Each structure stands twice: as C-alpha cells, then as structure tokens.
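**Q**
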C-alpha cells in the first residue's frame, strides 16, 4: 500500500514544474528510520501480540489507538483537549473495559474440561 502511494505520488510529481531534487543525508536517514522503526517495528509488535490472543482481544486494542494518540498528544505535545474529546475517550475506554469484562466472564463460565 505504501509503495503504491509512493509510485502514484512520483508520477504526479513529474507533472509539476519546475521539479528539483534536493535530498540531504539527514532526510534519507529520517526516511529510513520512519520506514524501519514505526512501520516494521509496529507490525512486528502487533502480529506478535495478535498471535498470543484471539481476534476479539486484538480488536479491543485497535479501538484504543485513537484514544492513546489523543492522550499522548496532550501529555507529550501539550495539546489542549476539548470536552468532546475527553468524552469520546471515556466512551472508547468504557466500551473496551465493558467488552473485555464481559468476554472474561464468558470465558470463565465456559467449561474447559471433558
């Protein structure tokens, strides 16, 4: 998907004029870092975690991604949060907690032996 986007943007950039290439070593290092650490590392960690649980647990963690992004933006970048954003995070966290709790109760109620 990313390769397709890169090829599409490269074709579109040919139509732009004037087209100049100015690539520094720092830019190449930044692109290489971005390709390896967040992309490859993130997928490796995601699939390692998904292999240890079932699909419903993975779906619950997927729901946490936007809430954690907002929390990190507020905590690390000093972004201000509106009441609607805080309410949205509370809804997401509440839904994840509720679904996790009901799934746990259901698995405890299911007999595992013969």
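Residue numbers (UniProt numbering): 1 to 114.
Glycine residues also receive a C-beta, built at the ideal position from the N, C-alpha and C atoms.
These numbers were taken from a predicted model, which means no experiment stands behind them.
1. If we count Cβ pairs, one from each stretch, closer than 8 Å, do we get three or more for the stretch 81 to 95 versus the stretch 52 to 71?
2. The alpha helix (DSSP H) with residue 18 in it runs from where to where?
3. Can you give me the C-alpha to C-alpha distance between residue 83 and residue 74, rounded to a whole angstrom?
4. Return the Cβ separation of residue 60 and residue 99 in integer angstroms, given the expectation that the two are a contact with Cβ distance under 8 Å.
5. Tell me the rounded alpha-carbon separation between residue 86 and residue 40.
6. When the Cα atoms are used, what is the spatial distance from residue 15 to residue 21?
7. Could you check whether residue 58 and residue 96 sit closer than 8 Å to each other, using their CB atoms as the reference points?
**A** Per the coordinate set shown:
1. The stretch 81 to 95, when compared against the stretch 52 to 71, does touch it at the 8 Å Cβ threshold.
2. Here residue 18 refers to the residue found at position 18 when the chain shown is read from its first residue. Membership of residue 18 in any alpha helix (DSSP H) is not indicated, and neither H nor E is assigned to it by DSSP.
3. Numbered from its first residue, the chain shown carries residue 83 at position 83. Numbered from its first residue, the chain shown carries residue 74 at position 74. Separation of residue 83 and residue 74 (C-alpha to C-alpha, rounded to the nearest whole angstrom) is 13 Å.
4. Locating residue 60 in the chain shown gives position 60, counting from the first residue. Locating residue 99 in the chain shown gives position 99, counting from the first residue. Confirmed, about 6 Å.
5. Locating residue 86 in the chain shown gives position 86, where the first residue counts as 1. Locating residue 40 in the chain shown gives position 40, where the first residue counts as 1. Straight through space, the alpha carbons of residue 40 and residue 86 are spaced by roughly 31 Å.
6. What you label residue 15 is simply residue 15 of the chain shown in a count that begins at 1. What you label residue 21 is simply residue 21 of the chain shown in a count that begins at 1. C-alpha separation (whole angstroms): 14 Å.
7. Counting from 1 along the chain shown, the entry for residue 96 is found at position 96. Counting from 1 along the chain shown, the entry for residue 58 is found at position 58. Contact flag unset, no.
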